[in-house]
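Enquirer: The structure's right below; bear with me while I get my questions together.
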Amino acid sequence: SAVISQKPSRDICQRGTSLTIQCQVDSQVTMMFWYRQQPGQSLTLIATANQGSEATYESGFVIDKFPISRPNLTFSTLTVSNMSPEDSSIYLCSANNGVGTEAFFGQGTRLTVV
Amino acid sequence: GEDVEQSLFLSVREGDSSVINCTYTDSSSTYLYWYKQEPGAGLQLLTYIFSNMDMKQDQRLTVLLNKKDKHLSLRIADTQTGDSAIYFCAESMNYGGSQGNLIFGKGTKLSVKP
């Protein structure tokens with residue numbers, strides 16, 4: 168199994184600013200993903216974080232708004248840029264070792280934009 | 867498109883069994899998951915079942931999978947007040963360019979009454 172740590176666990180940010188969320192896995196993993204959970208909603212995939220190349224974004228999410236880095240097989244960051252109150256959500260990092268393997272999640276980052 | 871459906875609410879009395887149901891659409895899913903989310907917390911993986919299995923039991927939890935009907939259920943025996951939470955059903959995606967990310971249902975809020 169893999170243990171995923173996210174930082175920060177929560178933050179309150181001013182609109183127009185940016186926040187970078189870090190995700191650290193305790194072992195090397197093939198795949199890392201970023202999800203968003205808006206208040207009272209289910210989880211929606213933002214993007215797949217690709218090691219050494221640009222992330223793959225889902226429809227409705229763009230790199231300028233959600234830049235993602237993945238410098239190695241255990242670490243990724245998600246930045247929420249130019250924040251507005253609509254970005255208030257829980258952001259979750261996930262990892263697995265490819266299609267058909269168990270998925271693990273971090274505890275999430277609860278972001279409130281004021 | 868891919869879809870995972872769950873009923874939104876379930877209320878049971880302490881000591882009774884809870885059954886949470888889920889239907890999914892992707893017949894090629896290899897893993898199906900149940901996650902628990904307590905208020906203000908991240909996702910906790912409860913259990914998962916591989917698609918070539920019909921049933922999996924883990925202490926108070928029993929997962930039943932009907933592949934023909936694409937129906938998944940989670941049974942919690944002897945439900946306790948600490949089981950009150952939102953339960954998410956999720957399927958892994960195994961087609962096209964999917965990298966093993968998950969599609970989540972909207973979650974079932976389980977309320978346990980003393």
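If you read the protein sequences in the order shown, they are chains F and X. First residue of the first sequence: 168, per the numbering used here; consecutive thereafter. First residue of the second sequence: 867, per the numbering used here; consecutive thereafter. Virtual Cβ for every residue (Gly too), placed ideally from N, Cα, C.
Which same chain residues, not among the five before or five after Leu909/X, have their C-beta less than 8 Å away from its C-beta?
Expert: Once the five neighbours on either side are set aside, the close Cβ partners of Leu909/X are Tyr901, Lys902, Gln903, Phe954.
Enquirer: Determine, for Gly948/X, whether the minimum Cβ-Cβ distance to residues of chain F falls below 8 Å.
Expert: Closer than 8 Å: no.
Enquirer: Within the same chain, show all residues whose beta-carbon is closer than 8 Å to that of Gly962/X, passing over the 5 residues directly before and after it, in chain order.
Expert: Because Gly962/X sits at a pLDDT of 48, beneath the cut-off of 50, its placement in the model cannot be relied upon, and the point is left open.
Enquirer: Is the shortest distance between the beta-carbon of Ser958/X and the beta-carbons of chain F less than 8 Å?
Expert: Yes, its Cβ sits closer than 8 Å to a Cβ of chain F.
Enquirer: Just to confirm, are Arg926/X and Ile942/X a CB contact at a threshold of 8 Å?
Expert: Yes, Cβ-Cβ distance for Arg926/X and Ile942/X is below 8 Å.
Enquirer: Do you know how far the Cα of Ser185/F is from the Cα of Asp178/F?
Expert: Those two C-alpha atoms are separated by around 11 Å.
Enquirer: Helix, strand or coil: which one does DSSP assign to Glu221/F?
Expert: Of the three classes helix, strand and coil, the one that applies to Glu221/F here is coil, per DSSP.
Enquirer: Taking CB distances under 8 Å as the criterion, tell me whether Lys902/X reaches chain F.
Expert: By this cut-off, Lys902/X is not an interface position.
Enquirer: For chain C, find out if any of its Cβ atoms is closer than 8 Å to the Cβ of Lys972/X; answer yes or no.
Expert: Absent from the structure is chain C; the protein chains it does hold are F and X.
Enquirer: Since Leu278/F and Ser255/F should fall inside the 8 Å C-beta cutoff, what is the C-beta to C-beta distance between them, to a whole number of angstroms?
Expert: At roughly 6 Å, the Cβ-Cβ gap stays under 8 Å, so Leu278/F and Ser255/F are in contact.
Enquirer: Starting from the C-beta of Leu240/F, find all residues in its chain whose C-beta is less than 7 Å away, skip the five residues before and the five after it, and write them out in chain order.
Expert: Result list for Leu240/F: Gln195, Val196, Gln218, in chain order.
Enquirer: Going along the chain, which residues of the segment 921-953 of chain X sit with their C-beta nearer than 7 Å to a C-beta in chain F?
Expert: Correct list: empty, as no residue qualifies.
Enquirer: At least one CB of chain X closer than 8 Å to the CB of Ala169/F: is that the case?
Expert: No - not a single Cβ of chain X is within 8 Å of the one on Ala169/F.
Enquirer: What three-state label does DSSP hand Pro980/X in the structure shown?
Expert: It is coil, neither helix nor strand.
Enquirer: Asp193/F: which of Phe200/F, Ala169/F, Leu212/F, Ala270/F sits nearest, CA to CA?
Expert: Of Phe200/F, Ala169/F, Leu212/F, Ala270/F, the residue nearest in Cα terms is Ala169/F.
Enquirer: For Lys934/X, which residues of its own chain have a beta-carbon under 6 Å away from its beta-carbon, when the five flanking residues on both sides are left out?
Expert: Result list for Lys934/X: empty, nothing under 6 Å.
Enquirer: Can you tell me which of the three DSSP states Asp231/F falls into?
Expert: Of the three classes helix, strand and coil, the one that applies to Asp231/F here is coil, per DSSP.
Enquirer: For Leu186/F, decide whether its Cβ has a neighbour in chain X, counting only Cβ atoms nearer than 8 Å.
Expert: No, Leu186/F lies away from the interface with chain X (no Cβ there is under 8 Å from its Cβ).
Enquirer: If I'm right that Phe200/F touches Ser248/F with Cβ under 8 Å, what's the distance once you round it to whole angstroms?
Expert: Actually they do not touch by this definition, with Cβ atoms about 19 Å apart.
Enquirer: Name, in chain order, the residues that DSSP records as bridge partners for Ser256/F.
Expert: Ser256/F is bridged to Leu278/F.
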